[in-house]
Amino acid sequence: MRKTVALVFAAWAGLSAFFWPREAADAVLYSSILALAALGLTLAYQTTKVPNFAHGALINVGVVSALTVAQAFGKPTYYALLIGVPLAVVSALALYLVLLPLYKRGTQAEVMMMATMAFNIIYIGLLNAYADWAGRSMGIFMRGITLRPYDVTIASVPGAYIIAPATTALFALLLYLFLKTKVGTALRAAVENEDLARTLGINVERAYAIAWAIAGTAAGVAGVYLPLYIEATPDVGWLMLASFFAASIAGGLGSIYGALAGGFLMGFVETLATLQFATLLNWAFGIPQYQITAYRPLVPLLAIATVLLISPRGLLGK
Numbered sequence: 078m079r080k081t082v083a084l085v086f087a088a089w090a091g092l093s094a095f096f097w098p099r100e101a102a103d104a105v106l107y108s109s110i111l112a113l114a115a116l117g118l119t120l121a122y123q124t125t126k127v128p129n130f131a132h133g134a135l136i137n138v139g140v141v142s143a144l145t146v147a148q149a150f151g152k153p154t155y156y157a158l159l160i161g162v163p164l165a166v167v168s169a170l171a172l173y174l175v176l177l178p179l180y181k182r183g184t185q186a187e188v189m190m191m192a193t194m195a196f197n198i199i200y201i202g203l204l205n206a207y208a209d210w211a212g213r214s215m216g217i218f219m220r221g222i223t224l225r226p227y228d229v230t231i232a233s234v235p236g237a238y239i240i241a242p243a244t245t246a247l248f249a250l251l252l253y254l255f256l257k258t259k260v261g262t263a264l265r266a267a268v269e270n271e272d273l274a275r276t277l278g279i280n281v282e283r284a285y286a287i288a289w290a291i292a293g294t295a296a297g298v299a300g301v302y303l304p305l306y307i308e309a310t311p312d313v314g315w316l317m318l319a320s321f322f323a324a325s326i327a328g329g330l331g332s333i334y335g336a337l338a339g340g341f342l343m344g345f346v347e348t349l350a351t352l353q354f355a356t357l358l359n360w361a362f363g364i365p366q367y368q369i370t371a372y373r374p375l376v377p378l379l380a381i382a383t384v385l386l387i388s389p390r391g392l393l394g395k
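Letter 309 of the sequence shown, counting from 1, is numbered 386 in the numbering used here, and no numbers are missing.
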């Protein structure tokens, strides 16, 4: 199954890049962002075994940081990583501290999910309030804004097309190396078998906090890069939450690296497959493409349903 999916995807992606090079480049950019977002979502899930519906809020922290830094200082978007990532990490740890007492008491997963949703509502409200204040006081606009004019150029190519996938690859490499260290081994042990990890003297709460910090880092980076792809708003992370979950589920909620693969799979499907389907219907029946691409938000929902029917553990899950 996995090899078949990989071969079919590779062949399709290669042909798409040949016939739609610009759209394929956009797909790589979007997939890189989606992979980081899915990675953070999967890491958080592996600790508490509860889907984090506030993950969109963590993404929004990076988005708002990027919009602020770029417009306030006129600097390339990447400078916002210095602010957006630490803020996203602090936000992720704050959410973890909210969930930790509930987790220790053995609270039902449904209640903890509601807690993440409440955290998300509060955070999005605060970010929207800040966006309104920044617009009135500093002339920094955060609704329907793209930061592509604040991108750098590398060999006549917009930097985001190179920097975003390179960042995702570097993040995956650093995570792989980290998980080989003593601290990383303790983290993996806590995730695999919490009771056994405690017996071995591992501080499970601290290990989980490290996982949430890494999840916040991934979310912050994804949020900073997101305005380089779309017109962003302070709640865009929440609006895209279905895509993040689709990527995480496609890769397998039990697989960290599966989340990265799921991000690229869903990123290409959501962008190129929608475009190609719209092109086909336009050629066959004369239906305007925009009428089909308007239904793009349905793609991740259909993908979640399809993956759960075919492979409930995800295509790369354990």
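We put the CB at the ideal spot given by N, CA and C, even for glycine.
It is roughly 17 Å from the alpha-carbon of A371 to the alpha-carbon of W360. With fewer than 16 neighbouring CB atoms inside 10 Å of its own CB, W210 falls in the exposed class. In summary, T258 is exposed, with fewer than 16 beta-carbon neighbours lying within 10 Å of its beta-carbon over all protein chains present.
Straight through space, the alpha carbons of S108 and P153 are spaced by roughly 21 Å. Only residues of its own chain outside the window of five on either side were considered, and among them V127 have a CB closer than 6 Å to the CB of A186, listed in chain order.
Looking from the CA of Y156, the closest CA among P389, G139, I291 and L135 belongs to G139.
Note on M317: 16 or more other CB atoms within 10 angstroms of its CB, so buried under the neighbour-count rule. When only Cα atoms are considered, I307 and A292 end up about 22 Å apart.
At a Cβ-Cβ threshold of 8 Å, A237 and L375 do not count as neighbours. The C-alpha of A309 lies about 45 Å from the C-alpha of G278. Annotation for K152: no alpha helix (DSSP H) segment contains it, and DSSP assigns it neither H nor E. The residues P311 and D312, in chain order, have a CB closer than 7 Å to that of N205 in the same chain once the five nearest residues on each side in sequence are set aside. Contact check for A296 and A88: beta-carbon distance about 32 Å, past the 8 Å limit, so the pair fails to qualify.
Under the three-state reduction of DSSP output, I198 falls in the helix class. Every alpha helix (DSSP H) of 4 residues or more that sits fully in the segment 305-368 is shown, in chain order, as 313-316, 318-328, 333-345 and 351-362. In this structure, the alpha-carbon of F150 lies about 25 Å from that of P242.
At the C-beta level, M189 and L174 stay beyond 8 Å of one another.
Rounded to whole angstroms, the gap between the alpha carbons of F362 and T184 is 53 Å.
Under the three-state reduction of DSSP output, P163 falls in the helix class. Unbroken alpha helix (DSSP H) stretches of 4 residues or longer found wholly inside the segment 206-283: 237-255, 259-269 and 271-276, given in chain order. According to the DSSP assignment, T124 belongs to the alpha helix (DSSP H) that extends over P98 to T125.
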